[in-house]
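Residues in the sequence shown are numbered consecutively from 74, following the working numbering.
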Amino acid sequence: MGIDEGSLGNFLEYMRKTANKVKGVVEGAHAVVVTHYDADGLSSAAIIAKMLQRLGTTFHIRVVEQVDQSILTDLSELDYDVFIFTDMGSGAFDFISKIISRQNIIIIDHHPPLKNRNNTAGRLIEINPFIFGIDGSSNSSASTLSYLLSKNIDKRNTSLAPLAIVGAVGDRQDMGEYYSLKGLNKIAVEDGIKRGYLKVEMGLRLFGIRSKPLVSCLENTMDPFLPGLTGNEGACLLFLKKIGVEPVEEGRLKTYSMLSEEEKKRLATELVKYLLSKGFSAKMAESIFGTMYFLTQEDVNSPLYDAREYATVLNACGRLEHYSIAIALGLGYRGKVLQKALDDFLQYKKLLSTVLNKLRQNEKRIINMEHVLVVDARGLIPPKVAGSLASILASSRIFNADKPLLVVAGKGKLKISMRQPAKLRKIYYGIHLGEILHHAANKTGGMGGGHAMAAGGTIFDGGFERFLNVLNEVIGWRIKGFKNV
């Protein structure tokens, strides 16, 4: 599983004991669930919401970008018995317990926690794999942690295993062999298979491979990014015809399932050859092939059948601030709710396609510093889309980034998102983006943090230029071996 057996055993034992404490705290209480707007945060909130429903707990859900003083002050003035933070909170442990000074607090987070935490009050419960030596950036999503807690409270909650998988792949934790989930995430996978909620297959990692026409699959695939094909329907049609896979049959677009076995093999081979011709390494080109997670309780033609597609739909709802739609999907609502979610996805896809084209046409928005490649998306996207854009650019070769990549969006209070690109130079191996971003943002009046490979935060417009200089300088010192700079 990629985790030391002792650490795993200690963590699972802690989870079992903590589940009893959590049940005692939340049962019959009035709770608020505070979560992040990405697929992992929204999946986590839906899992906890279902758990609370089964315990007879009344609750509200609040979706936020990050834990800050303003949000905590607002929350502390409301009449809740319990505050549950999912996909956030560990980095603000003392901050939270100071402002929310009387009520019970539960933190379910997979981001690095504070090294010195003060819990003298004993009313704060923290579930974080890092405390047990388990890397939360690759071995456990917040949705998996929420799932493990929920199933330890009530075995009926094993039905929520698919949501944990959706959150994990949405958080790009498919870092195992052939893009599989590993670590604690694998427990949710095994539970899902055992209960019949999940089917795992190897195949082409094309977006919508079970629900969309083949042309749309190629056009909408962003991980991996297909240069010249992603976002270009005409080019996808030509590509299929060129390799001898006819995209239309009897007047309608063909789906992947309509292809013969020989055509499927040819498509896979030609896609790898195509990516190699675009300068991809053999390993990167072969990333088009990997592990697929299918949710058997969903209709096979539904966009929610494929866990990665489901996660993208949730992500679209969250980035466009339609949180209730995402949570409702997680709680099992379909029909009009699903249709609204799909409308959000189409809007989100169009937004990303448009901004990618604009960035390629405007070199002035690309700032190539010594140790950071900065993409200025201010005025092009809503701030909450910065993280998605950063992930796409990092996994693609659009700007051939070989150093840490940063996307900035917004106005006044800027949103910043950092990623380690696929083609990272060796000198940057071992650089922890979360630590560096936290350091640079704190020095320049902002907030930041996150994982080794992905981080985010906020900075005020007036301090942005200084922030970039500090960030660039800190990375420079770190690669020289100075850890405390």
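We put the beta carbon where it would ideally sit given N, CA and C, even for glycine.
**Prompt:** Among Y252, K337 and F540, which residue has its Cα nearest to the Cα of S360?
**Reply:** Y252
**Request:** Report back the beta-carbon spacing between D167 and A215 to the nearest angstrom; my notes put them in contact at under 8 Å.
**Result:** Contact doesn't hold; Cβ gap of about 20 Å is too wide.
**Prompt:** Helix, strand or coil: how does DSSP classify M124 here?
**Reply:** helix
**Prompt:** If you scan the segment 480-534 from start to end, which runs of the alpha helix (DSSP H) of 4 or more residues do you find wholly inside it?
**Reply:** You should have 506-516.
**Request:** Using the DSSP secondary-structure output, state which residues sit across from R196 in a beta bridge.
**Result:** Answer is none; R196 lacks a bridge partner.
**Prompt:** Does DSSP classify K272 as helix, strand or coil?
**Reply:** strand
**Item:** Touching by the beta-carbon criterion (3+ pairs, under 8 Å), the segment 482-495 and the segment 503-516
**Value:** Segments in contact, yes.
**Sequence-distant residues of its chain with Cβ nearer than 8 Å to Q370 (five each side left out)** = P235 and Y270
**Request:** Out of R539, I500, I282 and H524, state which residue places its alpha-carbon closest to the alpha-carbon of G518.
**Result:** R539
**Message:** Could you check whether the segment 455-462 touches the segment 477-489, counting it as contact only if at least three pairs of C-beta atoms, one from each stretch, sit closer than 8 Å?
**Reply:** Flag = yes, the segment 455-462 and the segment 477-489 touch.
**Item:** Alpha-carbon to alpha-carbon, I157 and G391
**Value:** 19 Å
**Message:** In whole angstroms, give me the CA-to-CA distance for S213 and G324.
**Reply:** 45 Å
**Message:** Would the segment 124-131 count as touching the segment 145-152 if we require 3 or more Cβ pairs under 8 Å?
**Reply:** no
**Prompt:** Measuring CA to CA, which of A102, K224, L197 and D208 is closest to D77?
**Reply:** D208
**Prompt:** At which residue ranges does the segment 77-109 contain complete alpha helix (DSSP H) runs of 4 or more residues, listed in the order of the chain?
**Reply:** 78-99
**Prompt:** How long is the line joining the alpha carbons of G243 and N388, rounded to whole angstroms?
**Reply:** 8 Å
**Request:** Can you tell me which of the three DSSP states R245 falls into?
**Result:** coil
**Prompt:** Expressed to the nearest angstrom, what Euclidean distance is found between the alpha-carbon atoms of D160 and I198?
**Reply:** 14 Å
**Prompt:** Is the Cβ-Cβ distance between Y396 and R381 less than 9 Å?
**Reply:** no
**Request:** Evaluate the contact criterion for the segment 214-229 versus the segment 107-115: three or more CB pairs, one atom per stretch, below 8 Å.
**Result:** yes
**Run of the alpha helix (DSSP H) containing G363, from where it starts to where it stops** = Element bounds for G363: not the alpha helix (DSSP H) but the beta strand (DSSP E), F362 to L368.
**Request:** Go through its chain and collect everything with a Cβ distance to V321's Cβ below 8 Å, but skip five positions before and after it.
**Result:** Here the set comprises K327.
**Prompt:** Going by the beta-carbon positions, is the gap between F362 and G276 smaller than 9 Å?
**Reply:** yes
**Asked** Who are the Cβ neighbours of G301 in its own chain at under 6 Å, not counting the five residues just before and after it?
**Response** A308
**Asked** Nearest to E292 by alpha carbon, out of G195, K422 and K516?
**Response** K422
**Message:** According to DSSP, E561 sits in a beta bridge with which residue or residues?
**Reply:** Residue 561 is absent from the structure shown; the chain starts at 74 and stops at 558.
**Prompt:** Going by the beta-carbon positions, is the gap between I454 and L446 smaller than 9 Å?
**Reply:** Cβ atoms of I454 and L446: not closer than 9 Å.
**Prompt:** Roughly how many angstroms separate the alpha carbons of S117 and I316, rounded to a whole number?
**Reply:** Cα-Cα distance, rounded: 42 Å.
**Request:** Please decide whether P235 counts as near chain B, where near means a Cβ-Cβ distance under 9 Å.
**Result:** As a matter of chain content, chain B is missing from the structure shown, which is built from one protein chain.
**Prompt:** Which value, in whole angstroms, describes the spacing of the CA atoms of R229 and K409?
**Reply:** 27 Å
**Prompt:** Counting along the chain, where does the alpha helix (DSSP H) carrying T217 start and finish?
**Reply:** A215 to I226
**Asked** Does the Cβ-Cβ distance between H561 and D152 come in under 9 Å?
**Response** Because the chain spans 74 through 558 in this model, residue 561 falls outside it and cannot be assessed.
**Asked** From I552 to Y501, what distance separates their C-alpha atoms?
**Response** 6 Å
**Request:** Taking only the alpha-carbon atoms, compute the straight-line gap between G129 and P376 and give it to the nearest angstrom.
**Result:** 31 Å
**Asked** Within this structure, are the beta carbons of N374 and R268 separated by less than 9 Å?
**Response** no
**Item:** Which listed residue (I172, N225, H184 and L432) has its alpha carbon closest to that of V95
**Value:** N225
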